[in-house]
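S.K.: Have a look at this one before I ask anything.
Written out as structure tokens, the structure is:
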């Protein structure tokens, strides 16, 4: 070991030993990382029935073939040769918060660089670069990062899901086998988001790959019982072939000690806002579920009028405005305004919306093309395809090969023409199918290049129109990751707008993103995905703490619902500075079907309580509220929503509590808890807590 490198990011520390040859040893990683000062090569014995020379097991990006028998993080070959890599002459270069480790394999003619960045928010990021200095080299695997888990019994938390049911929490014990997650859908996916956490004792470490394509996450148990977490891109056979002098750059992997660090990182270091600052998140009306493909100018103007009267701040025109798009079988790729529906173009509608004081947004699905479209008839060669194999339709559409420069130019021209002509400040960027037969014009796999090309197109749009915000939508929550968020400002958390389903979806997504980035809409009842009937109160409570929107025809509301909805929107605006404030959010694990989340600062708390579809206990346990510590003030509690809460039974004292007639000390709130009435299934409650002036 030639040098020990120590890096710290908030509560996290990483200690690495640079070797003479081989991969850098991870001496320690986590909240209580050791210094490594006593760690020496000769303190390690050789393995029983192993190599005669002792070598480390826990290394960054282990390579196989020289005595390492675990899961290799880097592998490749040069026409079947140079399949063994051994890097040497490691050097560490420090540049502010970034440390770069560099080495070379002179035999295989491959150079490696590992970038490790320690952020102010407590997030450690890592990425890997392989450069070929010889004849063409095929990279079979190159992980972005490896992390050593603390020793002790470990629980792995991950997510499964499907369309309309994203971020379903799952857990398993980390035992003596390899745990592997592979996503091959060509986008971040609904069923295998690149996000896990591992609990070991009091530590809970979170890991995420910021990438919108195929990925792999591996948790490998080493021969000494320790465990490595690897995150990186998943390649198709022959996908990454490096010419002489070419470099493969991995996505970025991220690690932190709690989700608050991820939230701070997203707010402070990842998102790029117009004019450099996030304005209050506008309440949106999205026209999809209220109209689908039925676009009539007089109806849309009336909906805009009704939306403005409700207090809505942004009007988003969804699918159906272009080509001859009367259903989902036609016109994707023909990004010109449908003159049948809009004989004078979009100007009358845009001007009407802007005149009402709202922003105007619009829907695109740039990566897709319909077989029934002018674009496909003119350029069938522009779609991803493999010679001799059938074109597989999904949702009646094919995928454009954005790695072809002419495709990117066409899409940039079409999108920029519309954004240049109209006062559009928001783009809902959709992607409604997985990728299959992802072949380019040369017949090789193009998933990685396709993902990079999407980023490039988004970056071009952002650079040309810096005032335009972009929402990442992919059949709902199919593209939620830090990679796409470098170019976007909001995600559509799920196509499912059923508030009951959204409880778990939004709780899971909050492990990665702060609430103001997660789109949550108040939709119609019965719900369009589940046909479930839910009260307006419950639908509003579940959506209110996030980036609020409305997903229905406001003209069709009854007068009572219109009045109530306007009050919910007003309440959201009142609470918005608190709900979206940095470091204010909290959420609790569901207990007996009761979900609790909210936000708290030194002068105000908002607590959201929602009861799921079942009652488990005869009486709910007292609700212990996260509250400012070292505060000797008394706090008054009251219910603050427009509709009367739906309780099963409520005592006189509980009524007084909800009316704001009782006050509590911080120990009362955090240790004893609030004795709330039992809510009926599928109902909710919002509590506001404020300090009582002059009362201690």
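Residue numbers (this note's numbering): 73 to 768.
The C-beta atom is built at its ideal place from N, Cα and C for all residues, glycine as well.
1. So residue 526 is in the alpha helix (DSSP H); what residue range does that whole segment cover?
2. Quick one: residues in its chain with C-beta nearer than 8 Å to the C-beta of residue 685, no 5 flanking neighbours on either side, listed in chain order?
3. Buried or exposed for residue 94, please, with buried defined as at least 16 other CB atoms from any protein chain shown within 10 angstroms of its CB.
4. Quick check on the burial criterion: 16 or more other C-beta atoms within 10 angstroms. Buried or exposed for residue 477?
5. Determine contact between the segment 733–747 and the segment 655–664, defined as no fewer than three beta-carbon pairs at a distance below 8 Å.
6. To which residues of the same chain is residue 534 closer than 8 Å at the C-beta, ignoring the five residues directly before and after it?
7. For residue 511, collect the residues of the same chain with a Cβ closer than 7 Å to its Cβ; drop the 5 residues on either side in sequence, then sort them by chain order.
8. Is it right to say residue 792 is buried, meaning 16 or more other beta carbons lie within 10 angstroms of its own, or is it exposed?
9. Taking 8 Å as the cut-off, decide whether the C-beta atoms of residue 219 and residue 267 are in contact.
10. State buried or exposed for residue 208, treating a residue as buried only when at least 16 other CB atoms are found within 10 Å of its CB.
11. For residue 762, write down the residues that DSSP places opposite it in a beta bridge.
12. Sorted by chain position, which residues of the same chain lie with C-beta nearer than 6 Å to residue 360's C-beta, five sequence neighbours on each side aside?
13. DSSP three-state call for residue 594: helix, strand or coil?
14. Assuming contact is defined by CB atoms lying nearer than 8 Å, are residue 138 and residue 327 in contact in what I supplied?
15. Could you tell me the distance, in whole angstroms, from the CA atom of residue 599 to the CA atom of residue 553?
16. For residue 244, which of 271, 254, 324, 725 has the nearest alpha-carbon?
17. On the criterion of 16 or more Cβ atoms from any shown chain inside 10 Å, does residue 280 qualify as buried, or is it exposed?
18. Could you give the distance in angstroms between the alpha-carbon of residue 589 and the alpha-carbon of residue 302?
19. To the nearest angstrom, how far is the alpha carbon of residue 650 from that of residue 259?
20. Counting Cβ pairs closer than 8 Å, one from the segment 291–298 and one from the segment 170–187, do we hit at least three?
21. By DSSP's criteria, residue 361 is part of a beta bridge. Which residues make up the other side?
22. Rounded to whole angstroms, what is the Cα-Cα separation between residue 26 and residue 214?
23. Provide the residue span of the beta strand (DSSP E) that contains residue 253, from first to last.
24. What are the start and end residues of each continuous beta strand (DSSP E) run of 3 or more residues lying completely inside the segment 118–201, in chain order?
25. Given a cut-off of 8 Å, decide if residue 322 and residue 304 are closer than it, judged by their beta-carbon atoms.
26. I'd like to know if the segment 435–445 and the segment 376–394 are in contact, where contact means that at least 3 CB-CB pairs between them fall below 8 Å.
27. I'd like to check one pair, residue 646 with residue 601: are the Cβ atoms closer than 8 Å?
28. Enumerated in chain order, which unbroken segments of the alpha helix (DSSP H) with a length of 4 residues or greater are wholly contained in the segment 614–665?
29. Is it buried or exposed for residue 79, if we count other Cβ within 10 angstroms and need 16 for buried?
30. Since I believe residue 593 is in contact with residue 358 (beta carbons under 8 Å), could you give me their beta-carbon distance rounded to a whole number of angstroms?
31. Can you give me the start and stop residues for the beta strand (DSSP E) that residue 210 sits inside?
32. For residue 493, name the three-state secondary structure that DSSP assigns.
33. Between residue 381 and residue 642, what straight-line distance do the alpha-carbon atoms span, to the nearest angstrom?
34. Anyone know if the C-beta pair for residue 157 and residue 319 falls short of 8 Å?
35. May I ask which residues mark the beginning and end of the alpha helix (DSSP H) holding residue 448?
36. Quick one: grab the DSSP three-state call for residue 726.
M.R.: Based on what the coordinates show:
1. 519–536
2. 572, 665, 753, 754
3. buried
4. exposed
5. no
6. 344, 540, 542, 559
7. 456, 457, 458, 517, 518
8. Look at the range of the chain in this structure, 73 to 768, and you will see that residue 792 is not part of it.
9. no
10. exposed
11. 708
12. 390
13. strand
14. no
15. 27 Å
16. 271
17. buried
18. 27 Å
19. 33 Å
20. no
21. The partner list for residue 361 (beta bridge, DSSP) is empty, contrary to what the question assumes.
22. Given a span of 73 to 768 for the chain in the structure shown, any question on residue 26 remains unanswerable.
23. 251–255
24. 146–149, 160–167, 170–177, 182–190
25. yes
26. yes
27. no
28. 631–651
29. buried
30. 6 Å
31. 209–220
32. helix
33. 11 Å
34. no
35. 446–450
36. helix
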